[in-house]
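My numbering applies: residue 2 is where the sequence shown begins, and numbers increase by one. A quick write-up on the structure given underneath.
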Amino acid sequence: MKNMKPRKMIRDKFNWWEVVAGDVPRDKDGTALGREIKYLRADPDKNKHVPYTVEVADGYESRCGKHELHMVTEEHFIAYIELIIDDRWHHRFYFKAGDEPKVHFQVPKGKKVIARALCNFDSLWEYELPVK
Ligand SMILES: [Fe+2]
Numbered sequence: 002m003k004n005m006k007p008r009k010m011i012r013d014k015f016n017w018w019e020v021v022a023g024d025v026p027r028d029k030d031g032t033a034l035g036r037e038i039k040y041l042r043a044d045p046d047k048n049k050h051v052p053y054t055v056e057v058a059d060g061y062e063s064r065c066g067k068h069e070l071h072m073v074t075e076e077h078f079i080a081y082i083e084l085i086i087d088d089r090w091h092h093r094f095y096f097k098a099g100d101e102p103k104v105h106f107q108v109p110k111g112k113k114v115i116a117r118a119l120c121n122f123d124s125l126w127e128y129e130l131p132v133k
């Protein structure tokens with residue numbers, strides 16, 4: 002176990018489906034497996050984890066990788082993309098291996114729209130749409 006890389010250890014020991022910001026991944030005995038998880042922000046032009054999102058006629062379209070899509074394989078994947086609209090509506094779409102990490106949310110629009118994505122290796126990412 003000591004020879005395992007930390008990220009692989011976290012992936013194998015922690016239920017990524019339930020990760021939220023503020024969590025510290027822990028083993029069954031309570032030992033921390035990594036640092037506190039925070040939502041990361043980056044330039045969507047340069048980082049394909051950022052769930053780049055645009056408004057469309059009937060809702061929003063989000064994709065991990067504005068230009069080139071992030072992989073979705075059994076080993077390394079975008080687990081989901083979610084939208085939080087006006088701090089009230091929460092929509093989440095889960096990906097399966099082989100999917101492209103992009104989704105069309107056919108939902109009512111809001112004023113404040115935040116997209117979040119979870120990569121099993123590279124943690125949580127966030128993108129906020131510019132306010133109109
Ligand atoms: Fe990743």
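Positions of the beta carbon are idealized from the N, C-alpha and C atoms, including for glycine. The structure displayed is predicted, hence computed values, not measured ones.
Over the uninterrupted beta strand (DSSP E) stretch that includes residue i, give me the two end residues.
{"i": "residue 60", "result": "60-65"}
{"i": "residue 103", "result": "103-106"}
{"i": "residue 84", "result": "79-86"}
Are the CB atoms of residue j and residue i within a distance shorter than 7 Å?
{"i": "residue 70", "j": "residue 102", "result": "yes"}
{"i": "residue 60", "j": "residue 94", "result": "no"}
{"i": "residue 82", "j": "residue 115", "result": "no"}
{"i": "residue 126", "j": "residue 34", "result": "no"}
Can you give the Cα-Cα distance for residue i and residue j, rounded to whole angstroms?
{"i": "residue 67", "j": "residue 109", "result": "23 Å"}
{"i": "residue 43", "j": "residue 49", "result": "9 Å"}
{"i": "residue 91", "j": "residue 52", "result": "15 Å"}
{"i": "residue 112", "j": "residue 87", "result": "6 Å"}
{"i": "residue 79", "j": "residue 131", "result": "23 Å"}
{"i": "residue 133", "j": "residue 56", "result": "11 Å"}
{"i": "residue 20", "j": "residue 58", "result": "31 Å"}
Item to complete: Considering only heavy atoms of ligand 1, list every residue whose Cβ is less than 6 Å from one of them, following chain order.
Response: 50, 71, 77, 120, 122, 123
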